[in-house]
Amino acid sequence: MTIKIAIIGAGLMGADHARLIAEDVPGATLQVVCDASLERALKVADDYGAAHALTDPLQAILRDDVDAVLIASPDETHAPLSLAAIEAGKPVLCEKPLSQSSEECLRVIKAEVSAGRQFIQLGFMRRYDQSYREMKSALGRGEIGDAVMMHNFHRNVEAPSNFTGQMAITNSAPHEFDVARFVLDADYTAISVFQPAGIDASRTGAPVFMVVENDKGQLVNIEINNNAAYGYDVRGELVGQKGSVFLNTPIHTTYNTNLTATERYAPDWRPRFAEAYRIQNKAFVEFAKTGKFPAIAANSWDGYCAAIVAEAGVQALVKRERIAITMVDRPNLYAR
Ligand SMILES: NC(=O)c1ccc[n+]([C@@H]2O[C@H](COP(=O)([O-])OP(=O)(O)OC[C@H]3O[C@@H](n4cnc5c(N)ncnc54)[C@H](O)[C@@H]3O)[C@@H](O)[C@H]2O)c1
Numbered sequence: 576m577t578i579k580i581a582i583i584g585a586g587l588m589g590a591d592h593a594r595l596i597a598e599d600v601p602g603a604t605l606q607v608v609c610d611a612s613l614e615r616a617l618k619v620a621d622d623y624g625a626a627h628a629l630t631d632p633l634q635a636i637l638r639d640d641v642d643a644v645l646i647a648s649p650d651e652t653h654a655p656l657s658l659a660a661i662e663a664g665k666p667v668l669c670e671k672p673l674s675q676s677s678e679e680c681l682r683v684i685k686a687e688v689s690a691g692r693q694f695i696q697l698g699f700m701r702r703y704d705q706s707y708r709e710m711k712s713a714l715g716r717g718e719i720g721d722a723v724m725m726h727n728f729h730r731n732v733e734a735p736s737n738f739t740g741q742m743a744i745t746n747s748a749p750h751e752f753d754v755a756r757f758v759l760d761a762d763y764t765a766i767s768v769f770q771p772a773g774i775d776a777s778r779t780g781a782p783v784f785m786v787v788e789n790d791k792g793q794l795v796n797i798e799i800n801n802n803a804a805y806g807y808d809v810r811g812e813l814v815g816q817k818g819s820v821f822l823n824t825p826i827h828t829t830y831n832t833n834l835t836a837t838e839r840y841a842p843d844w845r846p847r848f849a850e851a852y853r854i855q856n857k858a859f860v861e862f863a864k865t866g867k868f869p870a871i872a873a874n875s876w877d878g879y880c881a882a883i884v885a886e887a888g889v890q891a892l893v894k895r896e897r898i899a900i901t902m903v904d905r906p907n908l909y910a911r
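Position one of the sequence shown corresponds to residue 576 (this note's numbering), numbered consecutively onward.
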């Protein structure tokens, strides 16, 4: 059985997903590429052999020859399109975040609860990255004792021009909110957000430094710096009572020139997490085939958990104070 996929949003991420589905994920066919720009949809459909190029995402979701939907359009479209796919009874791989609004995440959760099953696999692909998985399993085996802290650094070369100051928290940091919650298996209770002196908080790509507390009393710190200039760089360290696990970036080459050995940074996230995207997308096709939600994938509840800490983070930034995080009860559909 081949799962026919419609990709909605054919920008940087959508085109990469199209390539993966067309070339690297067995059991899936790239059926439709949909983008607000027809030119863009046609280009990506042509590059990766999709049968149809469209501009209307609802039409793409409702087509009889589409079994599953991959949403890679901008953040504000994720929840409305997810709701349309749930209504149509089609599984979704939705890029992060599910929404920047926790209320909107709850609407998606309500739709899944009413349907009595999960449809939304959320694109928090770091859960599939080998370094984070080793970190989590080392903790599970007791190798580093009880976890105490987790340090996270997330740096991009340059923030996109449409990035507001707060998007460091609502668009970039959700990766760290999710993966630290996944590794530590704990929910957040409070967040404090700091910025270096003299920074204009509304400036595109302004750096933020967050300290998040969880219900196990552990501290998670997160630096987001979207104008780091030198390269895409994600670092992390899980500190336990008896040791630590440090994330290494996979480096395939060292350049030896002019009496110097150099390792290079990628310009963006795609090379660093290439394998994670591939495994995530394979898991999604398996989900679409079997209806069995992938064991470690993020779901709509995880999307809500990331959104609520991001909302509290924005408040903490604006008010310059520590903000407590209160969540609604987890519906049984998402019981661990
Ligand atoms: N998982 C990750 O590591 C990761 C990395 C980057 C971006 N993302 C997420 O992926 C999403 C897309 O990011 P991007 O960098 O590819 O952005 P992008 O701007 O490169 O692409 C977005 C595309 O969506 C199209 N579009 C806009 N509104 C649409 C609509 N209503 N219907 C159909 N198409 C529409 C645009 O024309 C554009 O081609 C964002 O939500 C972002 O948060 C995830």
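Idealized CB from N, CA, C, for every residue including glycine.
In this structure, the beta-carbon distance from residue 580 to residue 616 does not fall below 8 angstroms. Going by DSSP, residue 801 is part of no alpha helix (DSSP H) at all; its letter is neither H nor E.
When the five nearest sequence neighbours on each side are left out, the beta carbons in the same chain lying within less than 7 angstroms of the beta carbon of residue 877 are those of 697, 699 and 753, in order along the chain. Residue 648 holds the alpha-carbon nearest to the alpha-carbon of residue 608 among 712, 648 and 684.
Checking the DSSP bridge columns, you'll see residue 812 partnered with 726 and 821. Annotation for residue 627: 607 place their beta carbon closer than 6 angstroms to its own, counting only its chain and skipping 5 residues before and after.
With distances taken between CA atoms, residue 659 lies nearest to 583 out of 742, 775, 812 and 583. By the Cβ test, the region 830–841 is not in contact with the region 753–772, since fewer than three Cβ pairs between them sit closer than 8 angstroms. The alpha-carbon of residue 638 is positioned some 14 angstroms away from that of residue 625. Annotated three-state conformation of residue 700 is helix, per DSSP. Linking residue 661 to residue 856 through their CA atoms gives a straight-line distance of about 19 angstroms. Counted as a single uninterrupted DSSP element, the alpha helix (DSSP H) harbouring residue 890 occupies residues 875–894. Taking all protein chains in view, the Cβ of residue 798 is crowded by 16 or more other Cβ atoms within 10 Å, so the residue is classified as buried. In this structure, ligand 1 has a non-hydrogen atom nearer than 7 angstroms to the beta-carbon of residue 670. Our two residues, residue 613 and residue 587, have alpha carbons roughly 15 angstroms apart in a direct line. By the CB criterion at 8 angstroms, residue 730 and residue 851 fall outside the cutoff. Closest in alpha carbon position to residue 693, among 674, 669, 678 and 724, is 669. Three or more Cβ pairs closer than 8 angstroms define a contact, and the region 737–754 falls short of that threshold against the region 816–828.
Distances from the CA of residue 808 to each of 823, 795, 794 and 796 were compared; the closest alpha carbon is that of 823. Taking a cut-off of 8 angstroms on C-beta distances, the region 771–791 does not touch the region 670–685, as fewer than three cross pairs fall below it. In the structure shown, the three-state DSSP call for residue 606 is strand.
Across the set 854, 704 and 845, the C-alpha of 845 shows the shortest separation from the C-alpha of residue 591. If you check the C-beta of residue 609 against ligand 1, you find a heavy atom less than 7 angstroms away. Only residues of its own chain outside the window of five on either side were considered, and among them 869 and 872 have a CB closer than 7 angstroms to the CB of residue 858, listed in chain order. Closest by C-alpha distance to residue 643, out of 863, 907 and 793, is 863.
Contact between the region 787–804 and the region 717–724 is present, with at least three C-beta pairs closer than 8 angstroms. Taking the Cβ of residue 632 as the reference point, at least one heavy atom of ligand 1 falls within a distance shorter than 7 angstroms. By the C-beta density criterion, residue 894 is exposed, having fewer than 16 other C-beta atoms within 10 angstroms.
Considering only 734, 904 and 783, the residue with the shortest C-alpha distance to residue 842 is 734.
The alpha-carbon separation between residue 709 and residue 906 amounts to approximately 29 angstroms. Note on geometry: alpha-carbon atoms of residue 805 and residue 732 lie some 6 angstroms from one another. Comparing alpha-carbon positions, the option among 773, 765 and 689 lying closest to residue 902 turns out to be 765. Not one heavy atom of ligand 1 lies closer than 7 angstroms to the C-beta of residue 638.
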